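Novice:
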DNA sequence: TCTGGTACTTCCCAATTGGAAACTACTTTC
DNA sequence: GAAAGTAGTTTCCAATTGGGAAGTACCAGA
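Protein chains in written order, with UniProt numbering: chain A, 1 to 122; chain B, 1 to 122.
1. Which full runs of the alpha helix (DSSP H) of 4+ residues lie inside the region 46-112 of chain A, going along the chain?
2. Secondary structure at residue 41 of chain A, three-state DSSP: helix, strand or coil?
3. Pick helix, strand or coil for residue 28 of chain A, following the three-state DSSP scheme.
4. Taking the straight line between their C-alpha atoms, what separation do you get for residue 114 of chain B and residue 100 of chain B?
5. Which residues, in chain order, does the region 74-92 of chain A contribute to contact with chain B at a C-beta distance below 7 Å?
6. Less than 6 Å between C-beta atoms, sequence neighbours within five positions excluded: which residues of the same chain meet that for residue 76 of chain B?
7. Please determine if the region 45-55 of chain A and the region 37-50 of chain B are in contact, where contact requires at least 3 C-beta pairs separated by less than 8 Å.
8. If residue 55 of chain B sits next to residue 8 of chain A, beta carbons under 8 Å apart, how far is it from one beta carbon to the other, in whole angstroms?
9. Nearest to residue 112 of chain B by alpha carbon, out of A/31, A/41, A/34 and A/16?
10. In whole angstroms, what separates the C-alpha of residue 74 of chain A from that of residue 118 of chain A?
11. Could you tell me whether the Cβ of residue 96 of chain B comes closer than 8 Å to any Cβ of chain A?
12. Considering only C-alpha positions, which residue in the set B/88, B/6 and B/95 is nearest to residue 45 of chain B?
13. Is there a C-beta anywhere in chain A that falls below 8 Å from the one on residue 117 of chain B?
Put into structure tokens, the structure is as follows:
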């Protein structure tokens with residue numbers, strides 16, 4: 001009869017749990033994955049481009065989310081020397097390392113949707 | 001000069017974005033991954049076991065999160081016929097399909113931590 | 001009968017998140 | 001000079017999230 005934690009007391013689990021918290025604190029929120037996914041797909045987009053691509057987002061959120069992603073080195077921001085000043089947002093090399101993770105989530109989400117709305121013989 | 005969305009207008013992107021939203025709506029929150037991870041690691045835990053394993057969680061949150069996970073068929077709840085009534089929480093077969101995703105997040109989180117606190121020659 | 005263990009629920013509150021609308025600021029075009 | 005396009009910021013508000021503490025209910029053992 002155990003009265004104290006056992007499973008998660010191991011070093012390996014502690015590290016894993018911490019890692020998941022780290023990752024999710026960077027990637028949580030309604031828009032992060034949408035923005036990252038869009039930037040992975042189409043490189044170098046302006047603020048207004050993103051506003052049009054990421055359906056439903058407003059200027060405040062987009063601005064804030066891009067800042068978050070920038071300080072975490074997932075997205076880079078470059079002010080261009082154009083007549084009406086434009087800004088180029090691109091995914092960084094480091095941001096690209098999220099591709100397998102995003103793919104895995106998308107894959108699971110697609111399967112989930114199938115299992116809910118899909119065939120009834122399950 | 002494009003004025004309308006182009007990248008995310010494709011059917012493939014729409015489906016992917018929807019899938020990511022689906023998945024995250026089930027898995028977001030402070031505790032979901034911790035609970036799932038613990039249940040994947042150690043099968044069949046009681047409410048109080050989980051309360052001890054998932055460091056920091058309170059009864060209210062644990063109860064609510066377990067209900068969420070149960071309705072989405074990721075965790076199963078079984079009331080045991082014991083003297084002081086006990087409940088067994090187990091991960092479902094479907095819940096186990098989250099393993100690769102959880103592994104991927106943990107892996108990325110560990111690498112992220114290394115890139116922040118790790119070697120400076122990067 | 002009182003303490004302790006199981007498994008919760010309820011209530012109240014604070015912090016965070018997210019959104020709409022308006023506003024800034026600068027430039028080019030009509 | 002007004003309109004439109006660039007890239008945001010600010011303000012105000014509502015909804016969601018999360019936590020602490022206490023309460024409920026049932027049973028067993030000292």
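Glycine residues also receive a C-beta, built at the ideal position from the N, C-alpha and C atoms.
Quick caveat: nothing in here was measured; it's all calculated off a predicted structure.
Specialist: Put simply:
1. If we require 4 residues or more, the alpha helix (DSSP H) runs fully inside the region 46-112 of chain A come out as 47-53, 59-71 and 93-96.
2. helix
3. Residue 28 of chain A falls in the coil class under three-state DSSP.
4. 21 Å
5. none
6. The residues are 90 and 92.
7. no
8. 7 Å
9. A/16
10. 36 Å
11. Nearest CB-CB separation between residue 96 of chain B and chain A: not below the 8 Å threshold.
12. B/88
13. Not closer than 8 Å to any Cβ of chain A, the Cβ of residue 117 of chain B fails to qualify, so no.
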